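S.K.:
Number of protein chains: 4
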Amino acid sequence: MPLPSQYRTFLETHAHPLEREFLSKPFRDLVPQLAKLREQAKREHLWAPHLPKSHGGLGLSLPEFAEISAVLGESPIGHYLFNCNAPDIGNQELLLTHGSAEQKAKWFEPLARGEIRSCFAMTEPEFAGSNPVWMDTRAVREGGEYVITGHKWFTSSADGAAFTIVMAVTDPDAPPHKRASQIIVPMDAPGVVFVRNIPVMGEQGSDYASHAELRFEGVRVPVTNRIGDEGAGFALAQERLGPGRIHHCMRWLGISERAFRMMVQRAATREIAPGEVLGQQQAVQHWIAECRAEIDAAKLLVLDVASRIERDGAHAARDGISLIKFHVAGVLQRVLDRAIQVHGALGMTDDTPLAYWYRHERGARIYDGPDEVHKSAVAKRILGAAGMKRHG
Amino acid sequence: MPLPSQYRTFLETHAHPLEREFLSKPFRDLVPQLAKLREQAKREHLWAPHLPKSHGGLGLSLPEFAEISAVLGESPIGHYLFNCNAPDIGNQELLLTHGSAEQKAKWFEPLARGEIRSCFAMTEPEFAGSNPVWMDTRAVREGGEYVITGHKWFTSSADGAAFTIVMAVTDPDAPPHKRASQIIVPMDAPGVVFVRNIPVMGEQGSDYASHAELRFEGVRVPVTNRIGDEGAGFALAQERLGPGRIHHCMRWLGISERAFRMMVQRAATREIAPGEVLGQQQAVQHWIAECRAEIDAAKLLVLDVASRIERDGAHAARDGISLIKFHVAGVLQRVLDRAIQVHGALGMTDDTPLAYWYRHERGARIYDGPDEVHKSAVAKRILGAAGMKRHG
Amino acid sequence: MPLPSQYRTFLETHAHPLEREFLSKPFRDLVPQLAKLREQAKREHLWAPHLPKSHGGLGLSLPEFAEISAVLGESPIGHYLFNCNAPDIGNQELLLTHGSAEQKAKWFEPLARGEIRSCFAMTEPEFAGSNPVWMDTRAVREGGEYVITGHKWFTSSADGAAFTIVMAVTDPDAPPHKRASQIIVPMDAPGVVFVRNIPVMGEQGSDYASHAELRFEGVRVPVTNRIGDEGAGFALAQERLGPGRIHHCMRWLGISERAFRMMVQRAATREIAPGEVLGQQQAVQHWIAECRAEIDAAKLLVLDVASRIERDGAHAARDGISLIKFHVAGVLQRVLDRAIQVHGALGMTDDTPLAYWYRHERGARIYDGPDEVHKSAVAKRILGAAGMKRHG
Amino acid sequence: MPLPSQYRTFLETHAHPLEREFLSKPFRDLVPQLAKLREQAKREHLWAPHLPKSHGGLGLSLPEFAEISAVLGESPIGHYLFNCNAPDIGNQELLLTHGSAEQKAKWFEPLARGEIRSCFAMTEPEFAGSNPVWMDTRAVREGGEYVITGHKWFTSSADGAAFTIVMAVTDPDAPPHKRASQIIVPMDAPGVVFVRNIPVMGEQGSDYASHAELRFEGVRVPVTNRIGDEGAGFALAQERLGPGRIHHCMRWLGISERAFRMMVQRAATREIAPGEVLGQQQAVQHWIAECRAEIDAAKLLVLDVASRIERDGAHAARDGISLIKFHVAGVLQRVLDRAIQVHGALGMTDDTPLAYWYRHERGARIYDGPDEVHKSAVAKRILGAAGMKRHG
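Chains as they are written, first to last, in the working numbering: chain A, 1 to 392; chain B, 1 to 392; chain C, 1 to 392; chain D, 1 to 392.
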């Protein structure tokens, strides 16, 4: 098993020097350079740590990968270099577990080799993302085909993707959690309309680093493109959330760790008067101490949940899966905020990745369901166990 | 005296429809349209509310202008439309009070008419902005000229400015607060090197909406370009801070008010399930209540300080001037954060101005001296009045 | 009109020296000494600043009294000394406005002269205080009498009171807000059972400084003891809340101001190493600055609401009346928490009043309706004005 | 090894029913009942889990005891029942490791058997507890004796103790960390003046549940009463801090867990309107979720530090030992605050232990060195490792 330190060395050698370019150029322009590094990652046997060895990966368990993921999170291109970046990682896990043999051969294998990219079209602008069973996109069966019609946004990395997995209602009369199915749609299928890369926090982005608005206008795909059973869309989405949550949280902790190190380094060396550095300020010291405690505690919490998922399954660990969502997102935001404050004007610039994370990871409290939804969900389960009846 | 409501009507009619363009295009591209609106502002007798009537303004007192300023803050181009935007407003106030007749004729008058723009070059990348008497830029007197050499950044709106006011050390052997002077430098003077517009929070910006890095390489200007006495640079900078602080804080409160209205409007109308809107969520209700209380209290505090400045002068009101800096910046950040959370994914996009303010007004806690400096400064005065001796 | 400084002088001369006794002895033991000081307050024409001159008071307007009230709050016995302490002040205001001539003669006048004390029995242990229309105490009319049966607690200052005003359901079939009436009950009436002074935060208290649990077991009072119309109990309770809220908030701000001064004084003088005082610690400086800003802003907010009540009535100012409840209670708690931290071990002791306020004013976020209720109430009005329909 | 559940069962059976008495009576009155329960704890082989089996304990490792300690913390008398309460536990650990054979026989053994109690006299009212090397108490050697003179306070549990360990300066000319020694002083030695039990948060306390002010007026004890070398007082105090910190933090987490359960239980069952319980309020749900995440993460952090102490020693784990101090104290305070808010008026009363913990555990952020000292200490080490030079 590769050590986290091997990944850190790879990143410090190859990824960090590219950050200024990442922060100042369209992602599209970096793709050729990054492709070479991905080849090198394969040669160094660091590729796809989360995938089984039989599929070219390293076969790590969820807790093992979690440790690696925290290291990768320290660079904004860390996960991408090893093919374990969202949304591809989620699609890989989904297809590996639930894809048909044909789906695996056609979509999973090239994805696992990093030859193509993919995306996941779920959120709709007209419906609250906090309510995952409420959507308008329809997949109507006609013979051996689904005809898909709908409007999606925040389909991350759609720009340049070979296929998307679409969440669409296949039976509007079923109970809410059985209405939708997940269906593979090639991005070049007729009727897939790429509306725009949505400008997010001042950047339109491109290629992998983008969030698209899409329309599906009578797109036809064979019924065999459906993943799993009809009506299983929501259940599959839930299933991907468990490991996906660990991936997100460990990435956030990687960002937090990097921001923490930058904050400490800056404080230790930045003079604020002749012979006096920022780190002598008690306010800065207290931020450093508080961030250290929060990051350490949060990391132990996520690793504990990862172990419970590995041992008992995602359902048994569902309270923890909810808790880490909002807890780690909060830690991340506080650490980034303080790291920027310690950097002063420099922290506002794109000369460091702090400002990038500050603006884009504001989304951590929103995507995958806003924090508020997860807080209520876990609390209702706790209250239910204490005898509160279900309401509403 | 024009009513705040006249300004709000002007903004809602003319500025709000331009916001999507402001958020998606270089500012430079909007300049022609904005120039027309500035002419209209003059025709409607709303131009330069802060300037004396003798100079084309409306002659408002500081507290009167403060009320207007909060309204203007509700649009990111509000102050610009009426020629009371930073840094021009600060330069106007400085030249009006301390400029020579020649300086007024040559620089102030066209500035007051909106024919030119200006900037203020103070912060240096190598020195902490929290220590305003610590800098490296030198102005060496040679005959009737100053020869200026130095490195500045975060010179806001330098791109396209006709002149800058440079803070430079004229006597390195003087006591710290007497070392520097403020000197007018035309931006087209030989030796003024425009290094770059600094990419800030993902945007390089242009024209008025930019922050430049500049080098002064042996720039020569006549000694008569100095504003006020030699060595008075720091004292003049302090003086501009009083009213400048009111301007900033009221603008922040304007942003807060707009964000609050957007948050309420979204909560009142955004369905999260059939027949259920976001505003029924108690968490959202509590944010609304807390923001309302914080904005209202902060606004009263700023207006109270403005009245004290008007009545007793900036020196007498200096505690309040420090307090509002960090207090209102904190309110602003909390309101924006919650407004974004209520908007969900939409809040992350540039389809509303929330994300723009979220990223750029992160600077509110940094520029003009980081919050921490102001907190310590005011506390030391309070502690000194309670008998604590000065230290270090 | 007496100046706030006259009250401060009175308190510093007479009340502060009594604080150690107040903190270490039963209140009952202090009553004789306090009675003398109350006589002196009359002689110095400081008595009952909130009451009309025709009733022995000073006839101050609500905003005028608010300023005085903040000064009185600086001592835990401040309001008591001048007969403007809760719950008597609320009962005075109620009887003055809505009492019959007989009620005024019998109960209001001796109360205004400070000859008797009173209490207000509303909260019931079995019902949430957050829902003021939900209660079990019944007043059944039999001929010219009400027969009152019920269970109340947190009837503050019942110990030693001459009468209580009881909130009791007179018509259980009326709409919720019309069910209850307010009825005067002499504490020595047969059937009034004094269960206990409730131990609150470690202290059972006595006399004025106590919170009682009472039972009403078939207590009979004449129908003429009812204040106002039958069914008007809730409306009258609402009415008393407006000015009552101002009284509470200004008292809290008085406590905050005193705690702030103690914190500053301690920080300015407490050595933490030879020649180094606590106030040189940046963390302490920042607390001082933040508290100063919060107190100042909150005070302006309360005074603004007081002025609006005076000018437009409590109904027009009801949003502000809700906002100040939770906003000022929050400021109070933060200031007390920091003042204790600055005092270290001493802050935990009863050698200063900080620990007293810390524990008893924890109730500020609970009594008069918990903060959460007020936040939701004001937010629903704001959201309603923005078009949200009423629900639930 | 006994299971945590055995301790929980013991507490639920024997300790919880005593809580109302504990909260309403002097501790002294409970001592006979508690003595019987301590005998029962011995009979059930639950006594002194932290002590070696050779000394009548259960021989648990630090991490094993930590788990038990969290359970014991759920009752205010939990640790006392099993003889692992502060300050006795610290004195036991100290004497066991550093006591002479004579000291062990005379003081440790009866202490381990629970026949006597002890205390630890370190803090002085005139000197900041945040600076542990700064004190005035002197132990002057005269022949084979020390003559001790000094003033101490917050000597917890001195009332009824058989002996105290006194921290006293034995060599004022030594470097600061070598000045003091720890000396055993029988409480009945001539010159030991028991000034008072300090009223803390409204309670003077008694016996074990008290904090004393003591004077040492020329108290003479044999030199053989010194623990360890002369001048080793500070080093020994540091040493006791490592495990002592784990004990405190796990106790705090036990309190947090109990408060959490009470909050959940209350929320699940307390009606706020007919058919509607408190737990349906989203604000309450969010508090529950946030508390659950904070408690879980903090517990993992403390257990991780305990394991590192066990494995690598307290010095290697010193950063963690500092981090958990302020981090867990913060969690504790937030959980208690919210548990009280959910209980409303009941939370203010002594009918539950919440108010007791709320007021007395406010000290958690102060005793053992205020949070601010620990934050700065750990940050300076982190900054030093990043290259910051030591200052001041």
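A virtual CB, placed ideally from N, CA and C, is assigned to each residue, including glycine. Predicted model, so just to flag it, every value in this text is computed and none were measured.
A15 (chain A) to E67 (chain D), Cα distance in whole Å?
M.R.: Approximately 43 Å between the Cα atoms of the pair.
S.K.: Please determine, among D:K106, D:I148 and D:L253, the residue with the shortest C-alpha to C-alpha distance to A121 (chain D).
M.R.: When only C-alpha atoms are compared, the closest one is D:I148.
S.K.: Start and end of the alpha helix (DSSP H) containing V195 (chain A)?
M.R.: Run containing V195 (chain A): none in the alpha helix (DSSP H); it sits in the beta strand (DSSP E), V192 to N197.
S.K.: Which stretch, first to last residue, makes up the beta strand (DSSP E) that contains V169 (chain D)?
M.R.: Where V169 (chain D) is concerned, the enclosing beta strand (DSSP E) stretches over F163 to V169.
S.K.: Near K299 (chain B), which residues of its chain fall below 6 Å by C-beta distance, leaving aside the five closest residues on each side in sequence?
M.R.: Excluding sequence neighbours, K299 (chain B) sits near L253.
S.K.: Nearest by alpha-carbon distance to H79 (chain D): which of D:G99, D:L95, D:E372 and D:A48 is it?
M.R.: H79 (chain D) has its Cα closest to that of D:A48, out of D:G99, D:L95, D:E372 and D:A48.
S.K.: Assuming V378 (chain B) and A289 (chain C) are in contact, meaning their beta carbons sit under 8 Å apart, how far apart are those beta carbons, in whole angstroms?
M.R.: At roughly 5 Å, the Cβ-Cβ gap stays under 8 Å, so V378 (chain B) and A289 (chain C) are in contact.
S.K.: Taking 8 Å as the cut-off, does the stretch 207 to 219 of chain C touch the stretch 151 to 161 of chain C (at least 3 CB pairs, one atom from each stretch)?
M.R.: The answer is yes - the stretch 207 to 219 of chain C touches the stretch 151 to 161 of chain C, with three or more Cβ pairs under 8 Å.
S.K.: Taking I340 (chain A) as the query, report the chain B residues whose CB atoms sit under 7 Å from its CB, ordered along the chain.
M.R.: Correct list: R362.
S.K.: Considering only C-alpha positions, which residue in the set B:I272, B:R251 and B:V305 is nearest to V331 (chain B)?
M.R.: Per the Cα distances, B:R251.
S.K.: Could you tell me if G392 (chain B) is buried or exposed, where buried requires 16 or more neighbouring beta carbons within 10 angstroms of its beta carbon?
M.R.: In this predicted model, G392 (chain B) has a pLDDT of only 41, less than 50, meaning its place in the structure is not dependable; the value taken from the coordinates is given anyway. When all chains shown are included, G392 (chain B) counts as exposed.
S.K.: Just to confirm the assignment: which complete beta strand (DSSP E) runs, minimum length 3, are found wholly within the stretch 74 to 131 of chain D?
M.R.: If we require 3 residues or more, the beta strand (DSSP E) runs fully inside the stretch 74 to 131 of chain D come out as 118 to 121.
S.K.: Examine chain D for any beta-carbon lying closer than 8 Å to the beta-carbon of A174 (chain B), and answer yes or no.
M.R.: Not closer than 8 Å to any Cβ of chain D, the Cβ of A174 (chain B) fails to qualify, so no.
S.K.: Tell me whether G392 (chain B) sits in a helix, a strand or coil according to DSSP, three-state version.
M.R.: Unreliable placement is indicated for G392 (chain B), whose pLDDT of 41 sits below 50; the coordinate value is still reported in the next sentence. DSSP places G392 (chain B) in coil when its eight states are reduced to three.
S.K.: Please list, in chain order, the chain A residues whose beta carbon lies closer than 8 Å to that of A283 (chain C).
M.R.: Residues of chain A passing the Cβ test: Q282, A283 and H286.
S.K.: Looking only at its own chain, which residues have a Cβ that is under 8 Å from the Cβ of P63 (chain B), when we skip the five neighbours before and after it?
M.R.: For P63 (chain B), where only same-chain residues beyond five positions count, the Cβ hits under 8 Å are L303, A306, S307 and E310.
S.K.: So, do the stretch 337 to 350 of chain B and the stretch 260 to 270 of chain C have three or more beta carbon pairs nearer to each other than 8 Å?
M.R.: No, because fewer than three Cβ pairs between the stretch 337 to 350 of chain B and the stretch 260 to 270 of chain C fall closer than 8 Å, the two stretches do not touch.
S.K.: What do you reckon, are the CB atoms on I321 (chain A) and L241 (chain A) nearer than 8 Å?
M.R.: Result yes, Cβ atoms of I321 (chain A) and L241 (chain A) sit closer than 8 Å.
S.K.: Please list the segments of the beta strand (DSSP E) lying wholly inside the stretch 216 to 256 of chain B, counting only runs of 3 or more residues, in order along the chain.
M.R.: Counting whole runs of 3 or more residues, the stretch 216 to 256 of chain B contains no beta strand (DSSP E) stretch at all.
S.K.: Identify whether W287 (chain C) lies in helix, strand or coil by the three-state DSSP scheme.
M.R.: If DSSP states are grouped into helix, strand and coil, W287 (chain C) belongs with the helices.
S.K.: List the residues of chain C whose Cβ lies closer than 9 Å to the Cβ of S376 (chain B), in chain order.
M.R.: What S376 (chain B) touches in chain C: Q282, Q285, H286 and A289.
S.K.: Looking only at its chain, what residues have a beta carbon closer than 6 Å to the beta carbon of W134 (chain B), apart from the 5 residues adjacent to it on each side?
M.R.: So the qualifying residues of the chain are F127.
S.K.: Is the beta carbon of F22 (chain C) sitting closer than 8 Å to the one on L30 (chain C)?
M.R.: In this structure, L30 (chain C) lies closer than 8 Å to F22 (chain C) by Cβ.
S.K.: Output the boundary residues of the beta strand (DSSP E) element that contains W153 (chain D).
M.R.: Element bounds for W153 (chain D): E145 to S156.
S.K.: Please classify T97 (chain A) as buried or exposed, where buried requires at least 16 neighbouring CB atoms within 10 angstroms.
M.R.: Result: exposed.
S.K.: Figure out for me which residue from D:L214, D:L336, D:G56 and D:A237 has the closest Cα to the Cα of I255 (chain D).
M.R.: Nearest option by C-alpha distance: D:L336.
S.K.: Going along chain C, which residues have a C-beta under 8 Å from G344 (chain D)?
M.R.: Near G344 (chain D) (Cβ distances below 8 Å), the residues of chain C are A128, G129, S130, I366 and P370.
S.K.: What residues from the stretch 250 to 264 of chain C come within 7 Å of chain B, judged by C-beta to C-beta, listed N to C?
M.R.: Answer set for the stretch 250 to 264 of chain C: V264.
S.K.: Got a sec: is the Cβ-Cβ distance from D350 (chain B) to anything in chain F below 8 Å?
M.R.: Judged by its chain identifiers, the structure shown contains no chain F, and its protein chains are A, B, C and D.
S.K.: When you compare the stretch 271 to 290 of chain D with the stretch 32 to 51 of chain D, are there three or more beta-carbon pairs, one atom per stretch, that lie closer than 8 Å?
M.R.: Taking 8 Å as the limit for Cβ pairs, the verdict is that the stretch 32 to 51 of chain D does not touch the stretch 271 to 290 of chain D.
S.K.: Can you give me the C-alpha to C-alpha distance between I359 (chain A) and Q341 (chain C), rounded to a whole angstrom?
M.R.: The displayed chain sequence assigns Arg, not Ile, to residue 359 (chain A). Taking the straight line from one Cα to the other gives about 35 Å.
S.K.: Suppose contacts are defined by Cβ-Cβ distances below 8 Å. Is F27 (chain D) in contact with H50 (chain D) by that definition?
M.R.: No, the Cβ-Cβ distance between F27 (chain D) and H50 (chain D) is not below 8 Å.
S.K.: Can you list, in chain order, the stretches of the alpha helix (DSSP H) that have 4 or more residues and sit fully within the stretch 344 to 391 of chain D?
M.R.: Qualifying alpha helix (DSSP H) stretches, in chain order: 345 to 348, 354 to 360 and 371 to 385.
S.K.: Interface residues of chain B around F120 (chain A) at Cβ under 7 Å?
M.R.: Correct list: empty, because the minimum Cβ distance to chain B is about 14 Å.
S.K.: Look at the Cβ atom of G114 (chain B), then the Cβ atom of D171 (chain B), and state whether they are nearer than 8 Å.
M.R.: No, the Cβ-Cβ distance between G114 (chain B) and D171 (chain B) is not below 8 Å.
S.K.: Kindly indicate which residue of C:I198, C:A267, C:R245 and C:G144 has the alpha-carbon position closest to the one of R226 (chain C).
M.R.: For the residues C:I198, C:A267, C:R245 and C:G144, the minimum Cα distance to R226 (chain C) belongs to C:G144.
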